[in-house]
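Enquirer: Residue numbering for the sequence shown follows UniProt numbering, beginning at 1 and increasing consecutively.
The C-beta atom is built at its ideal place from N, Cα and C for all residues, glycine as well.
What follows is a single structure, and I will ask about it in a moment.
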Amino acid sequence: MPLPRDAASVFDRKNTPLMRLVDSLDPQAIAGASPCEGWSGLDVLQHLIDTQRDFMLKAGADLPDPAPTVEALGAPTAWRTHAEAVARQLADSTFAERPYETPFGTSTVGGAFDQFYGFDLLVHRWDIGRAAGVDVVLTDRELDEVERAIEGFGEQIRGEGVCGPAVEVGPDASRQDRVLADTGRDPR
Numbered sequence: 001m002p003l004p005r006d007a008a009s010v011f012d013r014k015n016t017p018l019m020r021l022v023d024s025l026d027p028q029a030i031a032g033a034s035p036c037e038g039w040s041g042l043d044v045l046q047h048l049i050d051t052q053r054d055f056m057l058k059a060g061a062d063l064p065d066p067a068p069t070v071e072a073l074g075a076p077t078a079w080r081t082h083a084e085a086v087a088r089q090l091a092d093s094t095f096a097e098r099p100y101e102t103p104f105g106t107s108t109v110g111g112a113f114d115q116f117y118g119f120d121l122l123v124h125r126w127d128i129g130r131a132a133g134v135d136v137v138l139t140d141r142e143l144d145e146v147e148r149a150i151e152g153f154g155e156q157i158r159g160e161g162v163c164g165p166a167v168e169v170g171p172d173a174s175r176q177d178r179v180l181a182d183t184g185r186d187p188r
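Okay, here's the thing in structure tokens:
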């Protein structure tokens, strides 16, 4: 049976594993260095909040003010507060299905959100786990989505603030390690 493709369901499938990870982590562990140069796991989580929030507000979303911060609320509460607000907006079909222009053409708010921030939800979940010393395993479906996103972004994937150059991995590397290496992360 195919999975629901509405914006709220797509977000939920990517958000739920991240929320479970963040809820399970020791608050001190998540403050460890992430694979994102110069960022802790907390910084990565705040980046997710800030970039998603910025997109949603520009698209006309009604989000709580002030923005949740990991510093003020702690990682689990900040993420949950943010993610619940995003989910409410994406569940509103008049908002989620509104046309939205992207650098790749016309989409919908929900489609554009997933195209850009769905990738982040998957890859940054691994980054946050790595910061905390926890192994995060992406499913084959998630790896398929990351590969499609990399292909869809084309050369822009290597742009400033997106992903660094691909990292070399050995011929015996797992699929996950190869995909993560393609995002500029050293999976070892």
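Quick check on Pro-4: does DSSP put it in helix, strand or coil?
Expert: In the structure shown, Pro-4 sits in coil (DSSP, three-state: anything other than H, G, I, E or B).
Enquirer: Comparing C-alpha positions only, which one of Leu-18, Lys-58, Gly-110, Ala-7 sits nearest to Asp-120?
Expert: Minimum Cα distance to Asp-120 is reached at Leu-18.
Enquirer: Go to Ser-40, then tell me how far its alpha helix (DSSP H) extends in each direction, as first and last residue.
Expert: That residue, Ser-40, is in no alpha helix (DSSP H); it is neither H nor E in DSSP.
Enquirer: Suppose contacts are defined by Cβ-Cβ distances below 8 Å. Is Ser-24 in contact with Asp-127 by that definition?
Expert: No.
Enquirer: Below 8 Å, how does it come out for the stretch 128-145 and the stretch 33-47: are there three or more Cβ pairs, yes or no?
Expert: Result yes; three or more Cβ-Cβ pairs closer than 8 Å.
Enquirer: Taking the alpha carbon of Glu-84 as the reference point, which residue from Leu-63, Val-44, Glu-147 has its own alpha carbon closest?
Expert: The option with the nearest alpha carbon to Glu-84 is Leu-63.
Enquirer: Can you give me the C-alpha to C-alpha distance between Thr-139 and Leu-73, rounded to a whole angstrom?
Expert: In a straight line, the C-alpha of Thr-139 is about 30 Å away from that of Leu-73.
Enquirer: Our contact map puts Ala-181 next to Val-167 with C-beta atoms below 8 Å; I'd like the distance itself, whole angstroms only.
Expert: Confirmed, Cβ separation roughly 4 Å.
Enquirer: Cutting at 8 Å between CB atoms, please list the residues of its own chain near Asp-54, excluding the five before and the five after it.
Expert: Answer for Asp-54: no residue qualifies.
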